[in-house]
Amino acid sequence: SSRTARSEEDRDSLWDAWGSWSECSRTCGGGASYSLRRCLSSKTCEGRNIRYRTCSNVDCPPEAGDFRAQQCSAHNDVKYQGQFYEWLPVSNDPDNPCSLKCQARGTALIVELAPKVLDGTRCYTESLDMCISGLCQIVGCDRQLGSAVKEDNCGVCNGDGSTCRLVRGQYKSQLSANKLEDTVVAIPYGSRQVRLVLKGPDHLYLETKSLQGVKSENSLSSTGSFLVDNSSIDFQKFPDKEILRISGPLTADFTIKIRYAGAADSSVQFIFYQPIIHRWRETDFFPCSASCGGGYQLTSAECFDLRSNRVVADQYCHYYPENIKPKPKLQECNLDPCPASDGYKQIMPYDLYHPLPRWESTPWTACSSSCGGGIQSRSVSCVEEDIQGHISPVEEWKCMYTPKMPVVQPCNIFDCPKWLAQEWSPCTVTCGQGLRYRVVLCIDHRGMHTGGCSPKTKPHIKEECIVPTPCYKPKEKLPVEAKLPWYKQAQELEEGAVVSEEPSFIPEAWSACSVTCGVGSQVRLVKCQVLLSFSQSVADLPIDECEGPKPVSQRACYSGPCGGEATEYTPEETELLYGSLQEFDELYDWEYEGFTECSESCGGGIQEAVVTCLNKQTRETADETLCVTSRRPPQLLKACSLDPCPPR
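Each residue of the sequence shown is one higher than the last, beginning at 1054 in the working numbering.
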């Protein structure tokens, strides 16, 4: 052993002292710092010249975003193969988790943009292991490199699982003619590893309530991963079953409900770890039972709410069978003899089996205001517990040895949601008068899109705009009716389908006309989409999820005559004149409008029917070019002036 110790000393003596630690690779979320040392020998030193440690082990604010995503987005302004892309992170690569692989948004293109991610990047999304110098290093829940310490099922690092309880059960639907939904299970704040499996035709949905009392609902209409009250939800929807997973911890109280959708019964199996948020806490020793001459003092136990950090009624702790109320501890006190002048010892008003009276409160009432500051109240009374555990109210003076708990407190002091108007869009026209639009969102005190703003104070989302550029007509003037697309363009923009929180048909822009002259066709894609309010993202749904008539996906278009001299219009005027031929078909058509005068005044003559192009709304004559797509009616002739001519 002495030879081994000397060899280790000789080995270390070849190295210089370790240098100071470098700056942390990250400012939050867990990064890496390194220290270097120099080899003092002319030969190769045994061992490593660099060592690492973790640093900045504090959670990043929500707005900071994902560290790997930040590294991908740094390449957005760098051309790849001659083109700019918006890069999104590709996580959890089983072969090389520490390379920077990114995917171009809207494509299947995946590229390794860097051989190594920055030090401190997580190897996998659900792990604390981090990449250092391109290699994945194990990190324990204590945030130390090489540590094998893990969290227990309750989320406590190196815990023994005693701070939570496993809850599992099954729900079976009970159909009723006047019952459309039912509650499956309530899962409280802080729960972890939530998993529900529904089998049957019915559908799951969520209701949440934050600690501030804000309620929300999510319909779980499509498969995907999303945030609900800052809790990450993974939902899978199949034809005959639905699976809901939440790793947790939940940041709000969740209520899982079922919405009946068929005549067959459904069953839901659920399992999760529920935190024990009410635990017994031993008190300090009460005052001594005697002021001199020897007495005793006791401890007691009070029920403590770990979530609100306050003492609550004992009944909350009795709810958990795992909670065993600790027995009182006893010790002697004030053992000095009483002075001769007193001749007696003062006895405190309780004995060994009679703990001191205590203050007890009811739960706080609901806040008087959902935002902007309100108040809530509770009643506080002095109670006494006997040896059998029975509690009864007593006079308040008996509890005055401790301060009385407050009966009123402020609540929901955060600002109320406010309307936030975005910038105006460009004017819908390039000359003259048009419209412009803007997005108006209801934003809460955290800057999140929410509801609750007053519709009466909502800023307007559209207004008229005037482009100072004059609208000039070409040399061969178009008829006034041909300018209708200006109005239609503004009307389509004004009444265009906008993605909402209800599934709705959203048509995309029309394609170019299939021909360069004559009559062709245009097509467009019509999707069924819904706005996910919690993430402000748009999700595609099956077509049958949208109600109402589906907008047309094909229409006719006219690109001007194919032969002869054609009037030359600018591309903008061509779009205005022929951009909505289907609308023109409905507005303009050929019609008979009387007959010409008879060719003879007597003895038999001929009248020819007059065919004109009419605006069907105004009944005014229009230019014949506006009826080019309608079939011109056949020529009609009729006899007239059939009376014989008088003899000359």
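Backbone N, C-alpha and C define an ideal beta-carbon position, used for all residues, glycine too.
Bear in mind that the values here come from a model prediction, so they are computed numbers and not experimental data.
Let's see if you can read the secondary structure: which residues bound the beta strand (DSSP E) around residue i?
{"i": "residue 1288", "result": "1284-1290"}
{"i": "residue 1197", "result": "Taken as a continuous stretch (DSSP letters only), residue 1197 belongs to no beta strand (DSSP E), as it is neither H nor E."}
{"i": "residue 1502", "result": "Here residue 1502 belongs to no beta strand (DSSP E), and DSSP marks it neither H nor E."}
{"i": "residue 1326", "result": "1320-1328"}
{"i": "residue 1513", "result": "Residue 1513 -> no beta strand (DSSP E), and no H or E assigned at all."}
{"i": "residue 1493", "result": "1493-1496"}
{"i": "residue 1438", "result": "1433-1438"}
{"i": "residue 1074", "result": "Counting along the chain, residue 1074 falls outside any beta strand (DSSP E), and DSSP gives it neither H nor E."}
{"i": "residue 1169", "result": "Counting along the chain, residue 1169 falls outside any beta strand (DSSP E), and DSSP gives it neither H nor E."}
{"i": "residue 1096", "result": "Per DSSP, residue 1096 belongs to no beta strand (DSSP E) and is neither H nor E."}
Hey, could you find the ends of the alpha helix (DSSP H) residue i is sitting in?
{"i": "residue 1124", "result": "1120-1126"}
Just the C-alpha distance for residue i and residue j, rounded to the nearest angstrom, thanks.
{"i": "residue 1080", "j": "residue 1106", "result": "14 Å"}
{"i": "residue 1631", "j": "residue 1607", "result": "Unreliable placement is indicated for residue 1631, whose pLDDT of 44 sits below 50; no coordinate value is reported for it."}
{"i": "residue 1573", "j": "residue 1686", "result": "22 Å"}
{"i": "residue 1175", "j": "residue 1370", "result": "39 Å"}
{"i": "residue 1442", "j": "residue 1191", "result": "51 Å"}
{"i": "residue 1469", "j": "residue 1104", "result": "51 Å"}
{"i": "residue 1605", "j": "residue 1598", "result": "17 Å"}
{"i": "residue 1692", "j": "residue 1673", "result": "28 Å"}
{"i": "residue 1486", "j": "residue 1139", "result": "36 Å"}
{"i": "residue 1661", "j": "residue 1655", "result": "17 Å"}
{"i": "residue 1091", "j": "residue 1069", "result": "5 Å"}
{"i": "residue 1461", "j": "residue 1431", "result": "7 Å"}
{"i": "residue 1027", "j": "residue 1593", "result": "For the chain, the structure presents residues 1054 to 1701; residue 1027 sits outside this window and is missing."}
{"i": "residue 1326", "j": "residue 1222", "result": "12 Å"}
{"i": "residue 1413", "j": "residue 1439", "result": "15 Å"}
{"i": "residue 1489", "j": "residue 1496", "result": "22 Å"}
{"i": "residue 1688", "j": "residue 1658", "result": "16 Å"}
{"i": "residue 1095", "j": "residue 1102", "result": "15 Å"}
{"i": "residue 1254", "j": "residue 1314", "result": "6 Å"}
{"i": "residue 1073", "j": "residue 1141", "result": "36 Å"}
{"i": "residue 1410", "j": "residue 1455", "result": "10 Å"}
{"i": "residue 1615", "j": "residue 1569", "result": "8 Å"}
Buried or exposed for residue i, going by 16 or more other Cβ atoms inside 10 Å?
{"i": "residue 1305", "result": "buried"}
{"i": "residue 1519", "result": "exposed"}
{"i": "residue 1695", "result": "exposed"}
{"i": "residue 1071", "result": "exposed"}
{"i": "residue 1354", "result": "buried"}
{"i": "residue 1481", "result": "buried"}
{"i": "residue 1389", "result": "exposed"}
{"i": "residue 1450", "result": "exposed"}
{"i": "residue 1666", "result": "buried"}
{"i": "residue 1457", "result": "exposed"}
{"i": "residue 1240", "result": "buried"}
{"i": "residue 1337", "result": "exposed"}
{"i": "residue 1463", "result": "exposed"}
{"i": "residue 1231", "result": "exposed"}
{"i": "residue 1565", "result": "exposed"}
{"i": "residue 1261", "result": "buried"}
{"i": "residue 1690", "result": "exposed"}
{"i": "residue 1319", "result": "buried"}
Between the Cα of residue i and the Cα atoms of the options, which residue gives the shortest distance?
{"i": "residue 1343", "options": "1385, 1332 and 1321", "result": "1385"}
{"i": "residue 1184", "options": "1171, 1206 and 1262", "result": "1171"}
{"i": "residue 1207", "options": "1337, 1225, 1302 and 1248", "result": "1302"}
{"i": "residue 1257", "options": "1246, 1244, 1274 and 1242", "result": "1274"}
{"i": "residue 1668", "options": "1645, 1650, 1641 and 1662", "result": "1641"}
{"i": "residue 1579", "options": "1558, 1566 and 1595", "result": "1558"}
{"i": "residue 1179", "options": "1123, 1435, 1204 and 1165", "result": "1204"}
{"i": "residue 1143", "options": "1130, 1133, 1126 and 1131", "result": "1126"}
{"i": "residue 1684", "options": "1265, 1267, 1118 and 1643", "result": "1643"}
{"i": "residue 1492", "options": "1512, 1112, 1177 and 1357", "result": "1512"}
{"i": "residue 1645", "options": "1299, 1270, 1131 and 1664", "result": "1664"}
{"i": "residue 1483", "options": "1120, 1524, 1428 and 1250", "result": "1524"}
List the residues that DSSP assigns as beta-bridge partners of residue i.
{"i": "residue 1668", "result": "1641"}
{"i": "residue 1575", "result": "1608"}
{"i": "residue 1108", "result": "1084"}
{"i": "residue 1183", "result": "1175 and 1190"}
{"i": "residue 1261", "result": "1269 and 1307"}
{"i": "residue 1558", "result": "1581"}
{"i": "residue 1592", "result": "1583"}
{"i": "residue 1428", "result": "1463"}
{"i": "residue 1044", "result": "Because residue 1044 is not part of the residues shown, which for the chain are 1054 to 1701, the question remains open."}
{"i": "residue 1488", "result": "1517"}
{"i": "residue 1331", "result": "1358"}
For residue i, is the beta carbon positioned less than 7 Å from some heavy atom of the ligand FMN?
{"i": "residue 1494", "result": "Of the ligands one can find in the structure shown there are none, so the ligand FMN has no counterpart to examine."}
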